[in-house]
């Protein structure tokens, strides 16, 4: 499906972001890309649709090499790759519907997109997708009137409106609260399963990644240092990816939350007692 | 015993903004003061002329207090209509030309060659004050509002293109990245990612420029480019201060009205 061979990226500033990254993805496979900040996750994902120009290697989508395409061919292939962004990257002053329909821009001529007269099939699909992500009531709202979770749902609908063969997802939950993060991850994974759609998800929350994805690739300093099933992600492997850290302590956060809750309860009880003691 | 130990009564003063050395600071500020006094001394004020001017100012102010709208009512009306026509047409034409130049002058969306050309056009337009351009156009096309129209259009281009280009350079890149990722063409990118982000400011700036153009139309009239400025100039040279006072009052009222409505429009398009 997607095969990346010896992908290199060296920025003009001299940063060597990707040092010969290679892997292949099967149809329907959801891959979590983890690694410390600056490991090259974001560069890797942006090299695939060439929002960042790779400096070497091959990106094979089916039989064609994206890395060696000219501008026109690149536009054609970008239509086949949907992308979901960290800060949603919706056009804030356009309506929800316009944002979703912008997923069809690669397919319609300028004049139709300018006058917002998209083919009926595109509009039908947009309504169906908004229904699927639970935003049917917000079609004509401006994107900046929505909450974070709702915006990311619009982002997902925009990517799917392209009828993509591959999804690139850059930190989808980084600006969301824990509960919304889970809902969004679940939605993404459900949709990928429904459509047998492969996806690459940049994610820094290791627990969340383990919970949802089929396969994890660990990146460190521009190199793949782990590639396997989520349950093979042992403390040793995490140390290899992120460096030394007390992983068991990190995983104990659930217990700590419980302890916090107990402290809060104790504080509240003490306060109520104080309030009761104050003479009226 | 460290410096961070909390000691009561420890002094703190804001460090000086310029010149860390105290001596240098006093020297430079002192020198500036001395120069100011010497420069004022060379101004050579002629008190006789000041007295004459004050007398004339008195007559002028009395004309202002009793403005005469009627005697030359027709001239004032014609001048006003001419100015408003000039202002409006020049702003519309100026904005229409500014938009493509502004897009071309934005480094993040225009190729380097187009960028250079558009920035040069802006630089030329901004290099001259409206009056200089007006004198030039009056010499080329003769007295009258056409020269004024050309002047104001030309000045609008420099103003609006530059501010539009800067606004485009400041947009949120992630939004245009998302639109590019869908396979959109360059024109679609402009229409979907750039336009929604800069439109409110473009409208606000256009209304603001309309306001500026009206004020400028009064000024450039004095050098022969027609409009209310020409009427004002004529009445002044006739020592017709009542009429001049009336014209000034009308200009003040119109500028206030423009100011008030433009701030409303800008709030409304946000």
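Protein chains in written order, with the UniProt record's numbering: chain A, 1 to 280; chain B, 1 to 270.
Glycine included, every Cβ here is placed at the ideal spot set by N, Cα and C.
Just so it is clear, the structure is predicted and the values come from calculations on it, not from any experiment.
Between residue 107 of chain A and residue 79 of chain A, the CB-CB gap stays under 8 Å. For a Cβ distance threshold of 8 Å, residue set 91, 92, 93, 94 of chain A lies close to residue 196 of chain B, ordered along the chain. Take residue 189 of chain B, set aside five residues on each side of it, and the residues of its chain with a beta-carbon closer than 7 Å to its own are 176, 179, 180, in chain order.
Of all residues in the region 95 to 107 of chain A, only 102, 103, 105, 106 come within less than 7 Å of chain B when Cβ atoms are compared, listed by chain position. Against chain B, the CB of residue 73 of chain A has no partner CB under 8 Å away; the residue lies outside that interface. Taking a 10 Å sphere around the C-beta of residue 213 of chain B, we find 16 or more other C-beta atoms and assign the residue as buried.
Within the model, the alpha-carbon separation for residue 33 of chain A versus residue 267 of chain B is close to 44 Å. Annotation: residue 232 of chain A to residue 217 of chain A spans about 11 Å, alpha carbon to alpha carbon. Contact check for residue 243 of chain B against residue 71 of chain B passes: the beta carbons are separated by less than 8 Å. With a threshold of 8 Å between beta carbons, residue 182 of chain B makes contact with chain A. Taking 8 Å as the CB threshold, residue 179 of chain B lines the interface with chain A. In this structure, the alpha-carbon of residue 200 of chain A lies about 6 Å from that of residue 169 of chain A. A distance below 8 Å between beta-carbons, with the five flanking residues on each side excluded, links residue 224 of chain A to the following residues of its chain, in chain order: 21, 22, 23, 217, 218.
One thing to note: residue 157 of chain A has its Cβ no nearer than 8 Å to the Cβ of residue 213 of chain A. For residue 168 of chain B and residue 7 of chain B, the gap between their C-alpha atoms comes out near 53 Å. Residue 164 of chain B has its alpha-carbon roughly 19 Å from the corresponding atom of residue 113 of chain B. Here the C-alpha atom of residue 46 of chain B lies approximately 28 Å from the C-alpha atom of residue 31 of chain B. For residue 51 of chain A, at least one C-beta of chain B is nearer than 8 Å to its own C-beta. Shown here, residue 57 of chain A sits in a strand according to DSSP, grouped into three states. The contact set of residue 127 of chain A on chain B, defined by CB atoms closer than 8 Å, is empty, because the minimum CB distance reaches about 18 Å. Burial of residue 82 of chain B is indicated by the presence of at least 16 other C-beta atoms within 10 angstroms of its C-beta. DSSP places residue 217 of chain B inside the alpha helix (DSSP H), whose first and last residues are 195 to 220. Using beta-carbon distances, residue 153 of chain B does not count as an interface residue toward chain A, since no partner is under 8 Å. Rounded to whole angstroms, the gap between the alpha carbons of residue 135 of chain A and residue 154 of chain A is 8 Å.
As DSSP reads the structure, residue 95 of chain A sits in a beta bridge with A:142. Ranking B:269, B:261, B:260, B:187 by CA distance to the CA of residue 112 of chain A puts B:187 first.
Going by beta carbons, residue 172 of chain A and residue 45 of chain A fall outside the 8 Å limit. For residue 8 of chain A, there is no enclosing alpha helix (DSSP H); the residue is found in the beta strand (DSSP E) stretching over 2 to 10. Annotated as proximal: residue 146 of chain A and residue 138 of chain A, with beta-carbon spacing under 8 Å.
If you draw a straight line from the Cα of residue 175 of chain A to the Cα of residue 196 of chain B, it comes to about 23 Å. At a beta-carbon threshold of 7 Å, the residues of chain A lying near residue 191 of chain B are 113, 114, ordered along the chain.
Judged by DSSP in its simplified three-state form, residue 32 of chain A adopts strand. Residue 171 of chain A is outside the set of residues whose beta carbon lies under 8 Å from a beta carbon in chain B.
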